[in-house]
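Take the sequence shown: its letters are residues 1 to 399, numbered as in the working numbering.
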Amino acid sequence: MNNLKQLLASAKTLVIFKSLHQQPVFEKFLAAAQSSLDDDSVTAAEKYCDFVSELYSYSDDLTEYILKLVLENENLFMLRKGEGKPTGTLLEECLASELETIQELAEVPSEEIISNIAYDGFLPRYKTQKLDFSQIYADRIHMIGKYGYGIYSQYHVFVIENGAIVPVECPDPIRLEQLSNYQLERQQVIKNTLALLAGKPANNVLLYGDCGTGKSSTVKAIANEYCTQGLRLIELKKKQLHELPKIVETVSKNPLKFIIFIDDLSFTEDDDDFAALKAILEGSVSSSAANLAIYATSNRRHLVRETFSARQGDEIHFKDTMQELLSLSSRFGLTVTFQKPDKKVFLDVVKDIAAQYDLQMPQDELFMQAEAFALARGGRSPRVAKQFVEYLKGCGDNA
Numbered sequence: 001m002n003n004l005k006q007l008l009a010s011a012k013t014l015v016i017f018k019s020l021h022q023q024p025v026f027e028k029f030l031a032a033a034q035s036s037l038d039d040d041s042v043t044a045a046e047k048y049c050d051f052v053s054e055l056y057s058y059s060d061d062l063t064e065y066i067l068k069l070v071l072e073n074e075n076l077f078m079l080r081k082g083e084g085k086p087t088g089t090l091l092e093e094c095l096a097s098e099l100e101t102i103q104e105l106a107e108v109p110s111e112e113i114i115s116n117i118a119y120d121g122f123l124p125r126y127k128t129q130k131l132d133f134s135q136i137y138a139d140r141i142h143m144i145g146k147y148g149y150g151i152y153s154q155y156h157v158f159v160i161e162n163g164a165i166v167p168v169e170c171p172d173p174i175r176l177e178q179l180s181n182y183q184l185e186r187q188q189v190i191k192n193t194l195a196l197l198a199g200k201p202a203n204n205v206l207l208y209g210d211c212g213t214g215k216s217s218t219v220k221a222i223a224n225e226y227c228t229q230g231l232r233l234i235e236l237k238k239k240q241l242h243e244l245p246k247i248v249e250t251v252s253k254n255p256l257k258f259i260i261f262i263d264d265l266s267f268t269e270d271d272d273d274f275a276a277l278k279a280i281l282e283g284s285v286s287s288s289a290a291n292l293a294i295y296a297t298s299n300r301r302h303l304v305r306e307t308f309s310a311r312q313g314d315e316i317h318f319k320d321t322m323q324e325l326l327s328l329s330s331r332f333g334l335t336v337t338f339q340k341p342d343k344k345v346f347l348d349v350v351k352d353i354a355a356q357y358d359l360q361m362p363q364d365e366l367f368m369q370a371e372a373f374a375l376a377r378g379g380r381s382p383r384v385a386k387q388f389v390e391y392l393k394g395c396g397d398n399a
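What follows is the structure, given as structure tokens:
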């Protein structure tokens, strides 16, 4: 009992891991343990069950869950390590002491708390185990460029909301093996991404081509494929381009690698965002943030929508203006073109997707219906192929 009292007192003096007190499971565990020592049986039982209920919503193993909180905690020690800065002897001494305290707390068995509560009714139990928090934390620090910290260790896809980087809890699960054909085009993007992950110079990438050819799916699949190697994706809408400098500043010191993804990018000739992106690409974002590259998709080769009236304007230096408008796409170091598939490629994609969906249908009939489906929808594309197979699968016929 005295040891538990001492542990609870030590928990109140956390410095590096002070923010653990904002985690409901950790705080309710401390409250339940303290209540088992101080309060009447009914109050103690109530607080204990409140804690276990909170824990059960995540895990039934207290040690394992608190270790997860520790490894994902964004604290001053982790931030310094992430930026490659020295931590110093005093900070490391503090870290060692706090990890020891948290480990001991995480290993307090349910029986110890229950034994302090004079309650005859049923009280639920939880699991604990022996884990070396100090060694596991040291290993995580060593691999910080692969796992990251804070929200970046919990999620790999993010969006911008009200100027803040917010995680996407259920991102598109598309994988590279699910994408058919376009291997040559896709491999160029993969090669550039691997260079980024390796800390080598990487280009900003423009994926240009017809609608439904798999440009966006390629970027999302790459993010899913390499998230375990330290890759994160931040999706940015065109109207949020003014947020780019702030995003770069936020993630530039992060040990992870980031893709800033701008989908379906295009501009009008008087679009204010045109100048914003042009200024960012001018010196290459990767030159100021070696851990970041911009990947954009567009159906327009030059990104800017032109009109005949604009070409007939009264500007004196008209050619200079047009050259500026048409030069934006060239500021991407790598442009990969996804062309609309011909009949053979389209049917190959249909065949591959049908196999993924385990669609049972004679090939001749499958191809005939696929061609008719594409004709009714204005042309062939991988997107149309997937819609066709999902349509057949959804109907339940021949599936």
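C-beta atoms are modelled at their ideal positions from N, C-alpha and C, and glycine is treated no differently.
Going by the DSSP bridge assignment, what does residue i pair with across the sheet?
{"i": "GLY212", "result": "None; GLY212 has no bridge partner."}
{"i": "TYR295", "result": "VAL205 and PHE261"}
{"i": "PRO167", "result": "PHE158"}
{"i": "VAL350", "result": "VAL350 pairs with nothing; no bridge assigned."}
{"i": "LYS127", "result": "ASP61"}
{"i": "VAL336", "result": "LEU207"}
Select from the options the residue whose C-alpha is nearest the C-alpha of residue i.
{"i": "ILE262", "options": "TYR58, LEU233, TYR119 and ASN254", "result": "LEU233"}
{"i": "SER41", "options": "CYS94, GLU27, ILE113 and VAL108", "result": "ILE113"}
{"i": "ALA33", "options": "ARG80, PRO255, LEU179 and SER115", "result": "SER115"}
{"i": "LEU62", "options": "LEU90, GLU365, ILE353 and ARG125", "result": "ARG125"}
{"i": "SER35", "options": "GLY121, LYS146 and ASP50", "result": "ASP50"}
{"i": "LYS127", "options": "GLU64, LEU375 and ASP39", "result": "GLU64"}
{"i": "GLN356", "options": "GLN240, ILE174 and THR193", "result": "ILE174"}
{"i": "LEU206", "options": "LYS200, ALA198 and THR218", "result": "THR218"}
{"i": "SER330", "options": "LEU256, LEU277, GLU390 and MET368", "result": "LEU277"}
Using DSSP with H/G/I as helix, E/B as strand and the rest coil, what is residue i?
{"i": "ILE63", "result": "Per the sequence presented here, residue 63 reads as Thr, with Ile not at that position. Helix at THR63."}
{"i": "ILE259", "result": "strand"}
{"i": "PHE17", "result": "coil"}
{"i": "LEU8", "result": "helix"}
{"i": "SER180", "result": "coil"}
{"i": "ILE174", "result": "coil"}
{"i": "PHE77", "result": "helix"}
{"i": "LYS85", "result": "coil"}
{"i": "MET322", "result": "Because the pLDDT at MET322 is just 47, under 50, the model does not fix this residue reliably, and the value given afterwards should be weighed accordingly. Helix."}
{"i": "MET361", "result": "coil"}
{"i": "ASP132", "result": "coil"}
{"i": "SER97", "result": "helix"}
{"i": "GLN23", "result": "coil"}
Less than 9 Å between the beta carbons of residue i and residue j, yes or no?
{"i": "TYR48", "j": "LEU123", "result": "yes"}
{"i": "SER297", "j": "LYS386", "result": "Correcting the residue type first, residue 297 is Thr in the shown sequence and not Ser. Going by C-beta atoms, THR297 is not nearer than 9 Å to LYS386."}
{"i": "LEU281", "j": "PHE346", "result": "no"}
{"i": "LEU55", "j": "VAL25", "result": "yes"}
{"i": "ILE160", "j": "VAL168", "result": "no"}
{"i": "ALA289", "j": "VAL248", "result": "yes"}
{"i": "ILE260", "j": "LEU231", "result": "no"}
{"i": "TYR152", "j": "VAL70", "result": "no"}
{"i": "TYR119", "j": "ALA45", "result": "yes"}
{"i": "GLY148", "j": "ASN254", "result": "yes"}
{"i": "ALA293", "j": "LEU196", "result": "yes"}
Problem - 3-residue-minimum beta strand (DSSP E) runs that sit fully inside the segment 188-255, ordered along the chain - result: Every unbroken stretch of the beta strand (DSSP E) spanning 3 or more residues and falling wholly within the segment 188-255 is given here in chain order: 205-209 and 231-235.
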